[in-house]
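S.K.:
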Amino acid sequence: MEERTKKIREIAKRLLSEGRVDVVLGYRAGTVPLKNAPYFARTPEEAENFIWDSHGRINLANFLPQRQDRVAVVAKGCDARNIVNHIVENQIKRDQVYIIGVPCQGMIDPGLVYEREGRLIEEAIEADGRLIVKGQGFETTMERTEVLRQNCRSCAYRNPPLYDELVTDPVPEQEGLDPYEDIKEFLTRPNSERFDYFEKLIEPCIRCYACRDACPLCYCAVCFVDEHMPQWLGKSIDPRDKMTFHILRAFHCAGRCTDCGACEAACPMNIKVRQFTRRLEMDVKELYGYEAGLSPDIQPPLTVYRPDDPQDFIK
Amino acid sequence: MADMILKKSALADFIKSLSGSYKVFTPSREGQEVKFASNQGKVLLDFQNTLLSPKDFFFPQSERMFEYSTDPAAADAFILKDIATEPEPRLVFGIRPCDARAFVILDRIFKNDQYTDSYWFARREATTLIGLGCQNPCPTCFCLSVGGGPFSEEGLDVLACDLGETLLFKPLTEKGQQALDKAEGLAEADDKTSQEAARIKEQAEAAISSRISTDKIDEKTVMELYEAPHWEVVQERCLNCGVCTFVCPTCHCFDIQDEVAGKVGDRIRNWDTCMSWLFTQHGSGHNPRADKTSRVRQRFMHKFKYIPMKRGGDIGCVGCGRCIMLCPVNIDVRDVVRDMNA
Numbered sequence: 016m017e018e019r020t021k022k023i024r025e026i027a028k029r030l031l032s033e034g035r036v037d038v039v040l041g042y043r044a045g046t047v048p049l050k051n052a053p054y055f056a057r058t059p060e061e062a063e064n065f066i067w068d069s070h071g072r073i074n075l076a077n078f079l080p081q082r083q084d085r086v087a088v089v090a091k092g093c094d095a096r097n098i099v100n101h102i103v104e105n106q107i108k109r110d111q112v113y114i115i116g117v118p119c120q121g122m123i124d125p126g127l128v129y130e131r132e133g134r135l136i137e138e139a140i141e142a143d144g145r146l147i148v149k150g151q152g153f154e155t156t157m158e159r160t161e162v163l164r165q166n167c168r169s170c171a172y173r174n175p176p177l178y179d180e181l182v183t184d185p186v187p188e189q190e191g192l193d194p195y196e197d198i199k200e201f202l203t204r205p206n207s208e209r210f211d212y213f214e215k216l217i218e219p220c221i222r223c224y225a226c227r228d229a230c231p232l233c234y235c236a237v238c239f240v241d242e243h244m245p246q247w248l249g250k251s252i253d254p255r256d257k258m259t260f261h262i263l264r265a266f267h268c269a270g271r272c273t274d275c276g277a278c279e280a281a282c283p284m285n286i287k288v289r290q291f292t293r294r295l296e297m298d299v300k301e302l303y304g305y306e307a308g309l310s311p312d313i314q315p316p317l318t319v320y321r322p323d324d325p326q327d328f329i330k
Numbered sequence: 131m132a133d134m135i136l137k138k139s140a141l142a143d144f145i146k147s148l149s150g151s152y153k154v155f156t157p158s159r160e161g162q163e164v165k166f167a168s169n170q171g172k173v174l175l176d177f178q179n180t181l182l183s184p185k186d187f188f189f190p191q192s193e194r195m196f197e198y199s200t201d202p203a204a205a206d207a208f209i210l211k212d213i214a215t216e217p218e219p220r221l222v223f224g225i226r227p228c229d230a231r232a233f234v235i236l237d238r239i240f241k242n243d244q245y246t247d248s249y250w251f252a253r254r255e256a257t258t259l260i261g262l263g264c265q266n267p268c269p270t271c272f273c274l275s276v277g278g279g280p281f282s283e284e285g286l287d288v289l290a291c292d293l294g295e296t297l298l299f300k301p302l303t304e305k306g307q308q309a310l311d312k313a314e315g316l317a318e319a320d321d322k323t324s325q326e327a328a329r330i331k332e333q334a335e336a337a338i339s340s341r342i343s344t345d346k347i348d349e350k351t352v353m354e355l356y357e358a359p360h361w362e363v364v365q366e367r368c369l370n371c372g373v374c375t376f377v378c379p380t381c382h383c384f385d386i387q388d389e390v391a392g393k394v395g396d397r398i399r400n401w402d403t404c405m406s407w408l409f410t411q412h413g414s415g416h417n418p419r420a421d422k423t424s425r426v427r428q429r430f431m432h433k434f435k436y437i438p439m440k441r442g443g444d445i446g447c448v449g450c451g452r453c454i455m456l457c458p459v460n461i462d463v464r465d466v467v468r469d470m471n472a
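Quick mapping for you: the protein sequence lines, in order, are chains L and D.
Quick note: the first sequence uses the working numbering, first residue 16, plus one each step.
Quick note: the second sequence uses the working numbering, first residue 131, plus one each step.
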């Protein structure tokens, strides 16, 4: 962690003092435990505030679409994949963005930490692969690997597939994992049970749209839920309106989602929003052999037509 | 009105004895979330605060206000009809003093010299609030800096204090006294017990480590604050999601919508948020808050400048810290106020 922090600061300072970029996007320490904050450094002095820890759950690629300046971004595997997405979808030019790649060891799920602790955590410290949490009258040490996010545990792209510079040597990729094991089991259940599952899942949703706003894919100038001439969706907490939002948002992400987990990181209600997108990613991978954001030279399958399309409904 | 005392072992019976007269809500834990629920066997006393603010007791996220027929053949087609609301008597046990103060702020907003929001007040009047003093404030709590405190009595009908083996109840209003009169298991408290509660209150106040200052905000003009450069820094990482406003006990903006299904229409008001561009979009297409900077600025200016200007200096924030805990990008209201007050 410390090595990565040091290197990020070093690179950011160099890029800014050489005038190579106008701004560097990274993380700085948060004011509450288990959280950090996106940070925009414009001077070499400001670059001293950058850190790298296990709380970089907000995807910094989210701040890129339609930027006019030259920008460097601190990017772990999934973030870099989203930068590739943005390049492919013409949201940013390749030569405008400098990718400071960070081989990633996974991010911590604060929900899991709280589940174990069950009381208010007032301080969290990371050292030697361990997380130490403190609160009123207690101090607990846990292994980082025990409280990693689910998407990080099944991540096959910890190293950025596209970068201008790496802050450390690549980390070994996790191999032989099946990220969709639970989904395959889920698909064996009857439809009604599956629908009930999703209804229950989004019951706590307050429609704050933090999942959408934290998602790098959701950059539409006007989101369908905000369309008002005509208005497509009701505004109340009616379960059907809530469900329509989540299902439609997920479908808009099909073949684009990198499973970065920013949606879940942003949700104040701790809803496992990724349950909506994972099935779609599995389908895209199985039907088209495609995973989003691996190369700026490959067009996403849902945006192209090929005469040799294996499905015959289109012929 | 005398202070009363209750053995904690009799708390379940105390709640039960009230449930004949009120629908009683108590704090409960569901997974990791603390929320108010009715018909709970066990009353949760060991908690910091509820995840969401309890404003929805009086201001539900979605509220049907009127209904109407859209059948052109009907005699009353498109005539709005009140939805009969006869709020049931409710009692909320365990509400935090910061959240009760938020209701007082909202009382003054939902009523002015011209209008009274009947939806808010009908439920307010039918509800009795038994507060629970806050003995273990969070590091993000700053109630003392905004006119409140962990044992603030404002907005409550009764204030309870946890003394370990017993609970001390201090009636504050006629409504609160009536509730205590109906309850079983109470005994009159002696002076020593009341003194012990006062000591606990002092301890709790000393435990609040987080402070902000707002004196210079009062001195600065609106335009000075409005044009300050720090908004550009805050807006950069702000996602413009609605988390801070939806979890906030004093945020109260809403949008009114008509929803029609078949031949029946409903007029519904729903929570809205100043973080959304749509909130201020005019019919003409003009938007007075077209950019993120103006939207994120609005929320802080509203609470720390506009409300104090209009309400004799009272700040529109109760320092509960929910927005600090839940903001996805760690925009900390204490930092923002520090910048405003610089």
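Every residue gets a Cβ at the ideal spot worked out from N, C-alpha and C, and that includes glycine.
Bear in mind that the values here come from a model prediction, so they are computed numbers and not experimental data.
Looking at the C-beta of glutamate 332/D, does it have a partner C-beta in chain L at a distance below 9 Å?
M.R.: no
S.K.: Can you pull the chain D neighbours of isoleucine 262/L, defined as C-beta to C-beta under 9 Å?
M.R.: For isoleucine 262/L, there are no C-beta contacts with chain D under 9 Å, since the nearest C-beta of that chain is about 19 Å from it.
S.K.: Could you name the residues of chain L that cysteine 268/D contacts, counting a contact when the two beta carbons are closer than 7 Å?
M.R.: Leu135
S.K.: Hey, would you say arginine 15/L sits closer than 9 Å to glutamine 189/L, going by beta carbons?
M.R.: This structure cannot speak to residue 15/L, because chain L is shown only from 16 to 330.
S.K.: Mind checking which residues open and close the beta strand (DSSP E) that includes alanine 56/L?
M.R.: From DSSP, the beta strand (DSSP E) with alanine 56/L extends over 51-56.
S.K.: At 9 Å on the CB atoms, spell out the chain L contacts of aspartate 229/D, in chain order.
M.R.: Ordered by position in chain L, no residue passes the 9 Å Cβ test against aspartate 229/D, which lies about 17 Å from the chain.
S.K.: Could you give the first and the last residue of the continuous beta strand (DSSP E) run that contains proline 157/D?
M.R.: 153-160
S.K.: Would you check if the region 43-50 of chain L and the region 441-461 of chain D touch, i.e. whether three or more CB-CB distances between them fall below 8 Å?
M.R.: yes
S.K.: So what's valine 186/L in DSSP terms, helix, strand or just coil?
M.R.: coil
S.K.: Provide the residue(s) that pair with phenylalanine 196/D in DSSP beta bridges, ordered along the chain.
M.R.: Asp212/D and Arg397/D
S.K.: Whole-angstrom Cβ separation of leucine 174/D and valine 164/D, contact assumed at under 8 Å?
M.R.: 7 Å
S.K.: Applying the 10 Å Cβ sphere with the 16-neighbour rule, what's the burial state of methionine 431/D?
M.R.: Around the beta carbon of methionine 431/D, a 10 Å sphere encloses 16 or more other beta carbons of the protein chains shown; the residue is thus reported as buried.
S.K.: Which residues mark the beginning and the end of the alpha helix (DSSP H) in which isoleucine 474/D is found?
M.R.: Residue 474/D is absent from the model: chain D starts at 131 and stops at 472.
S.K.: Answer with buried or exposed for alanine 27/L, where buried requires no fewer than 16 other C-beta atoms within 10 angstroms of its C-beta.
M.R.: buried
S.K.: Along the region 354-379 of chain D, where does the CB come closer than 7 Å to a CB of chain L? Name the residues.
M.R.: Glu366, Arg367, Leu369, Asn370, Cys371, Gly372, Val373, Phe376 and Val377
S.K.: Which term fits glutamate 357/D, buried or exposed, when burial requires 16 or more other beta carbons within 10 angstroms of its beta carbon?
M.R.: exposed
S.K.: Using a Cβ-Cβ cut-off of 6 Å (strictly less than) and excluding sequence neighbours within five positions of leucine 262/D, which residues of its own chain qualify?
M.R.: Gly224 and Ala290
S.K.: Assign lysine 435/D to buried or exposed, taking buried as 16 or more other Cβ atoms, counted over all protein chains shown, within 10 Å of its Cβ.
M.R.: buried
S.K.: Assuming threonine 20/L and isoleucine 66/L make a contact with CB atoms under 8 Å, what is their CB distance in whole Å?
M.R.: Right, the Cβ-Cβ distance comes to about 5 Å (below 8 Å), so this counts as a contact.
S.K.: For the alpha helix (DSSP H) that glutamine 165/L lies in, which residues bound it at each end?
M.R.: 165-168
S.K.: Against chain L, does valine 467/D count as a neighbour if the rule is that its beta carbon must be under 9 Å from one of theirs?
M.R.: For valine 467/D, the answer is no, since every Cβ of chain L falls outside 9 Å of its Cβ.
S.K.: Just checking, does the region 178-194 of chain D make contact with the region 219-237 of chain D on the three C-beta pairs under 8 Å criterion?
M.R.: yes
S.K.: What does the alpha-carbon distance come out to for the pair alanine 269/L and glutamate 193/D?
M.R.: 34 Å
S.K.: Sorted by chain position, which residues of the same chain lie with C-beta nearer than 7 Å to glutamate 18/L's C-beta, five sequence neighbours on each side aside?
M.R.: Thr183, listed in sequence order.
S.K.: In the DSSP output, what is alanine 62/L paired with across the bridge?
M.R.: Its beta-bridge partners do not exist; DSSP assigns none.
S.K.: By the 7 Å beta-carbon criterion, what residues does the region 154-169 of chain D contribute toward chain L?
M.R.: Those would be Gln162, in chain order.
S.K.: Give every residue of the same chain whose Cβ lies closer than 6 Å to the Cβ of arginine 429/D, excluding the five residues on either side of it in the sequence, and list them in chain order.
M.R.: Only Cys404 meet the Cβ criterion.
S.K.: Whose Cβ in chain D lies nearer than 7 Å to the Cβ of isoleucine 252/L?
M.R.: Gln191 and Ser192
S.K.: Would you list the residues sitting across from leucine 30/L in a DSSP beta bridge?
M.R.: For leucine 30/L, which the question treats as bridged, DSSP gives no partner whatsoever.
S.K.: What ranges does the beta strand (DSSP E) occupy inside the region 251-321 of chain D, keeping only unbroken runs of at least 3 residues that lie completely in it?
M.R.: If we require 3 residues or more, the beta strand (DSSP E) runs fully inside the region 251-321 of chain D come out as 257-262, 288-292 and 296-301.
S.K.: From this set, Val288/L, Arg271/L, Ile286/L and Asp298/L, which residue's C-alpha is nearest leucine 309/L's C-alpha?
M.R.: Arg271/L
S.K.: On the criterion of 16 or more Cβ atoms from any shown chain inside 10 Å, does isoleucine 347/D qualify as buried, or is it exposed?
M.R.: That one is buried.
S.K.: Answer with yes or no whether the minimum CB distance from valine 288/D to chain L is below 9 Å.
M.R.: Put simply, the CB of valine 288/D is far from chain L, with every gap to its CB atoms at 9 Å or more.
S.K.: Take every Cβ of the region 300-320 of chain L, pair it with every Cβ of the region 94-107 of chain L, and state whether three or more of those distances are shorter than 8 Å.
M.R.: With the cut-off at 8 Å, the region 300-320 of chain L and the region 94-107 of chain L touch.
S.K.: Anything in chain D within Cβ reach of tyrosine 224/L, meaning under 7 Å, just list it in chain order.
M.R.: Cys371 and Gly372
S.K.: Considering only the alpha carbon of each residue, which of Ile114/L, Ile136/L and Asp94/L lies closest to glutamine 178/D?
M.R.: Ile136/L
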